[in-house]
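Here is the structure we will look at.
There are 2 protein chains.
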Amino acid sequence: MTITSPYGFTAAGVRAGLKSRGKDLALVYNTGPLKHAAAVFTTNTFAAAPVLWSRQVISDGRADAVVLNSGGANACTGPAGFQDTHTTAEQVAEALSAAGQDVSATDVLVCSTGLIGERLNMDALLPGVEAAAAALSAEETPGWDAAHAIMTTDTVPKTIAVENEAGTFRIGGMAKGAGMLAPGMATMLAVITTDAVISQPDLDAALREAVRVSFNRADSDGCMSTNDTVIAMASGAHPNADQAGVDLEEFQTLLTEVCMNLAESLINDAEGHRHVIRVTVTNAPSEEDAETAARAVARSNLFKTAIYGRDPNWGRILSAVGTTDVAFDPAQVSVSVNGVWVCRNGGIGEDRSLVDFPPGAQVEVVIDLAAGEAEATILTNDLTHDYVHENAAYST
Amino acid sequence: MTITSPYGFTAAGVRAGLKSRGKDLALVYNTGPLKHAAAVFTTNTFAAAPVLWSRQVISDGRADAVVLNSGGANACTGPAGFQDTHTTAEQVAEALSAAGQDVSATDVLVCSTGLIGERLNMDALLPGVEAAAAALSAEETPGWDAAHAIMTTDTVPKTIAVENEAGTFRIGGMAKGAGMLAPGMATMLAVITTDAVISQPDLDAALREAVRVSFNRADSDGCMSTNDTVIAMASGAHPNADQAGVDLEEFQTLLTEVCMNLAESLINDAEGHRHVIRVTVTNAPSEEDAETAARAVARSNLFKTAIYGRDPNWGRILSAVGTTDVAFDPAQVSVSVNGVWVCRNGGIGEDRSLVDFPPGAQVEVVIDLAAGEAEATILTNDLTHDYVHENAAYST
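Same order as they appear, the protein sequences are chains A and B. Each residue of the first sequence is one higher than the one before, starting from 1 at the first, in the numbering used here. Each residue of the second sequence is one higher than the one before, starting from 1001 at the first, in the numbering used here.
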């Protein structure tokens, strides 16, 4: 159930010595026959060196391998940091070529995660690349190793794999981080593998749509990293693959499912949270409006602390929705928390003491704008003492 | 040094019984001769009943009195809540008229602050209005009483008064709350009084400019209330007033100073903070860009928790700046924290261990974008355990 579950991929996760302990370097290799790849990157102006590099690599729609490290983001490290990324890709190409694979450095994607503003320890990283290349395997365990190696403050590795009903293609994935392409303390990285036969443009379009409704709607604390990257690679290697090309609708459904699963895993593992919260806006003028309103609530510290206090404080929910430019009639808006409509038609609804917060269950907030038919859900967390503690203490 | 310091104003603060203890109802009356008034309100779609009412009152540029209550925001209370506000204004007009003042309810501004979604206790409020009208006085103490009566989670009343050098006009003010026109847990309310001779359009323009660079740049937690209101009233009653009209430039300078002082008082008293933080963006393409970038930093929970942890984490500062659409070269940006340039030209600068965080001192963050000549400062606070505690416990 990892990135090696689809045919045509090998992986490895090793300890290079970038972090104080544990595995910290992952390699994923697409053995083909297809080498199609697509990626979505952070829009942060301070995009890290590996993002700048990988944007160039992906521009022709081909990537043979991804190398990922934790223990350093290689962001705000200037031309020297970019050179480090370049050198890393060269080392991957060299190691794979030495093993009989014909790989160019310009087809090697690089991802890094960790602290910003510090150079990577290349003396540790480069031997790590050698070790990872030597350890590449299509078995399940190396897939898990890779997922372990990209963890920073994550408490568990996040992986998944699915196969379609007809058994003609699989999609696997791994991720790390604490939120959307605007994640928590460090970076959100995800690698998706598939053995479907799919053109690069179709893979690209499917990835963008899946990310839009999954990772981009998982918003733990509203902060966007310099390193966020989601990569998809297609090998076309499934033995039963439809050589005429995968059914795109079915592929989209499964890819979205995989991304949604990983996004939920990120939110479930977000730093210091007590509650996972689903903020759904219904009956909005447009899906974009629904997302805007739901995100405003998900980013309100007052709302997030209220949920931490198990307080169905619908006033703070309305306040947040009201700061957006979404068009609706405030006298028609209703809000439910865990199924109890505590606000009806912009005013007091059912008794808020009826709202239950069962331990371990997600908190479900629904905001009915009564202004259309569109809907969207943002996944987020509450704001807790532990979040403050963990983020006040991270680098010191 | 309160709202009664300028000539032509009386005030009172009494206990009506809306809160569990303490004064909770304030009245400010402009005895004239001028009755010019201006106001800036929240842009929240769920504007509270008193905001809806006061927008109508101010539309002709005249207001005779302001009545303010804590102990209830009267927001999301529907038509009945609006009727409560109307009734409150009627009661003020009646009480003042009974005392020989000719006041119409449509010239009475109303402000409320407290929990959203609960009706006001009118049986307590209306006798409170009577008591306040009877207690109106131009002395200093009633001005302080009024400032006390509008407090919610504030720990100290906020008042100020200044006089220009020539001794021809004064400006007084009071405020409550925890931030900008996007304040903390409850509402930001401010009332400014002046005895200058100034036209209503000039007063209005001066107030908007002063609010733009003061209250609107005090951003404690990024949340905007349903009740935020800043009111200015001019009596023209200073005995030495220039009857031809105040020097507008001098008036603007002093009004901005008053608003800035009150805004700083709000941030200094924000809920549960450990540090007051000044985020200044310099050398930006425009003042708006500078404000946008500074606000992005001020709203980053990762930055705010880092400062709580006394961590000059410039990576989180750059990350936040990078999420905006401000145009700059990331390789030219430098950041200082308390005078130490920890980031130079988008990369590592001076040793971050040189940064000192003296107890009680403001934290000064400067971000030099090297992309123009404009600058702006946002005042904010760190994100602390106490903020989480106070906001998780407020209504339950």
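By construction, the Cβ of each residue, glycine as well, lies at the ideal position given by its N, Cα and C atoms.
Determine the contact status of residue i and residue j, defining contact as a CB-CB distance below 8 Å.
{"i": "residue 1213(B)", "j": "residue 1230(B)", "result": "no"}
{"i": "residue 1022(B)", "j": "residue 1148(B)", "result": "yes"}
{"i": "residue 1053(B)", "j": "residue 1103(B)", "result": "no"}
{"i": "residue 1292(B)", "j": "residue 1324(B)", "result": "yes"}
{"i": "residue 1277(B)", "j": "residue 1363(B)", "result": "yes"}
{"i": "residue 1295(B)", "j": "residue 1219(B)", "result": "yes"}
{"i": "residue 1016(B)", "j": "residue 1125(B)", "result": "yes"}
{"i": "residue 371(A)", "j": "residue 328(A)", "result": "yes"}
{"i": "residue 1145(B)", "j": "residue 1170(B)", "result": "no"}
{"i": "residue 335(A)", "j": "residue 354(A)", "result": "no"}
{"i": "residue 1302(B)", "j": "residue 221(A)", "result": "yes"}
{"i": "residue 65(A)", "j": "residue 29(A)", "result": "yes"}
{"i": "residue 1036(B)", "j": "residue 1200(B)", "result": "yes"}
{"i": "residue 1235(B)", "j": "residue 1013(B)", "result": "no"}
Less than 8 Å between CB atoms is the rule here; does residue i satisfy it with respect to chain A?
{"i": "residue 1393(B)", "result": "yes"}
{"i": "residue 1224(B)", "result": "yes"}
{"i": "residue 1276(B)", "result": "no"}
{"i": "residue 1156(B)", "result": "no"}
{"i": "residue 1082(B)", "result": "no"}
{"i": "residue 1388(B)", "result": "yes"}
{"i": "residue 1221(B)", "result": "yes"}
{"i": "residue 1323(B)", "result": "yes"}
{"i": "residue 1022(B)", "result": "no"}
{"i": "residue 1071(B)", "result": "no"}
Is residue i close to chain B, meaning its C-beta is less than 8 Å from at least one C-beta of that chain?
{"i": "residue 338(A)", "result": "no"}
{"i": "residue 44(A)", "result": "yes"}
{"i": "residue 52(A)", "result": "no"}
{"i": "residue 319(A)", "result": "yes"}
{"i": "residue 77(A)", "result": "yes"}
{"i": "residue 348(A)", "result": "yes"}
{"i": "residue 259(A)", "result": "no"}
{"i": "residue 330(A)", "result": "yes"}
{"i": "residue 314(A)", "result": "yes"}
{"i": "residue 177(A)", "result": "no"}
{"i": "residue 172(A)", "result": "no"}
Straight-line CA distance for residue i to residue j?
{"i": "residue 388(A)", "j": "residue 1215(B)", "result": "26 Å"}
{"i": "residue 1240(B)", "j": "residue 1159(B)", "result": "24 Å"}
{"i": "residue 138(A)", "j": "residue 10(A)", "result": "4 Å"}
{"i": "residue 60(A)", "j": "residue 1204(B)", "result": "57 Å"}
{"i": "residue 105(A)", "j": "residue 300(A)", "result": "44 Å"}
{"i": "residue 1379(B)", "j": "residue 1273(B)", "result": "12 Å"}
{"i": "residue 185(A)", "j": "residue 1352(B)", "result": "Caution is warranted here: a pLDDT of 43 is assigned to residue 185(A), below 50, making its placement in the model unreliable, and the coordinate value is therefore given only provisionally. If I take the Cα positions, the gap works out to 19 Å."}
{"i": "residue 1198(B)", "j": "residue 1256(B)", "result": "16 Å"}
{"i": "residue 7(A)", "j": "residue 192(A)", "result": "13 Å"}
{"i": "residue 134(A)", "j": "residue 98(A)", "result": "10 Å"}
{"i": "residue 1058(B)", "j": "residue 174(A)", "result": "58 Å"}
{"i": "residue 46(A)", "j": "residue 1316(B)", "result": "11 Å"}
{"i": "residue 1217(B)", "j": "residue 1209(B)", "result": "12 Å"}
{"i": "residue 1331(B)", "j": "residue 202(A)", "result": "35 Å"}
{"i": "residue 250(A)", "j": "residue 381(A)", "result": "31 Å"}
{"i": "residue 150(A)", "j": "residue 120(A)", "result": "15 Å"}
Within 10 angstroms of its Cβ, does residue i collect 16 or more other Cβ (buried), or is it exposed?
{"i": "residue 391(A)", "result": "buried"}
{"i": "residue 1167(B)", "result": "exposed"}
{"i": "residue 1156(B)", "result": "exposed"}
{"i": "residue 1049(B)", "result": "buried"}
{"i": "residue 1396(B)", "result": "The predicted position of residue 1396(B) is uncertain, since its pLDDT is 38 and thus under 50; a value taken from the coordinates is nonetheless stated next. It is exposed - the Cβ of residue 1396(B) has fewer than 16 other Cβ atoms within 10 Å."}
{"i": "residue 1356(B)", "result": "exposed"}
{"i": "residue 81(A)", "result": "buried"}
{"i": "residue 141(A)", "result": "exposed"}
{"i": "residue 1289(B)", "result": "buried"}
{"i": "residue 312(A)", "result": "buried"}
{"i": "residue 393(A)", "result": "exposed"}
{"i": "residue 1375(B)", "result": "buried"}
{"i": "residue 361(A)", "result": "exposed"}
For the region 370-386 of chain A, enumerate the residues whose C-beta is nearer than 7 Å to any C-beta of chain B, in chain order.
-> Going along the region 370-386 of chain A in chain order, one finds 383, 384, 385 with a Cβ nearer than 7 Å to chain B.
Using a Cβ-Cβ cut-off of less than 7 Å, list which residues of the region 1115-1130 of chain B approach chain A; keep chain order.
-> The residues in question are 1115, 1116, 1117.
Chain-ordered residues of the region 100-111 of chain A with a beta carbon less than 9 Å from chain B | Listed in chain order, the positions of the region 100-111 of chain A with a beta carbon within less than 9 Å of a beta carbon of chain B would be empty, since no residue qualifies.
Which residues, in chain order, does the region 295-307 of chain A contribute to contact with chain B at a C-beta distance below 9 Å?
-> 299, 300, 301, 302, 303, 304, 305, 306, 307
Under 7 Å (Cβ pairs) to chain A, residues found in the region 1231-1247 of chain B | Nothing from the region 1231-1247 of chain B brings a Cβ to less than 7 Å from some Cβ of chain A.
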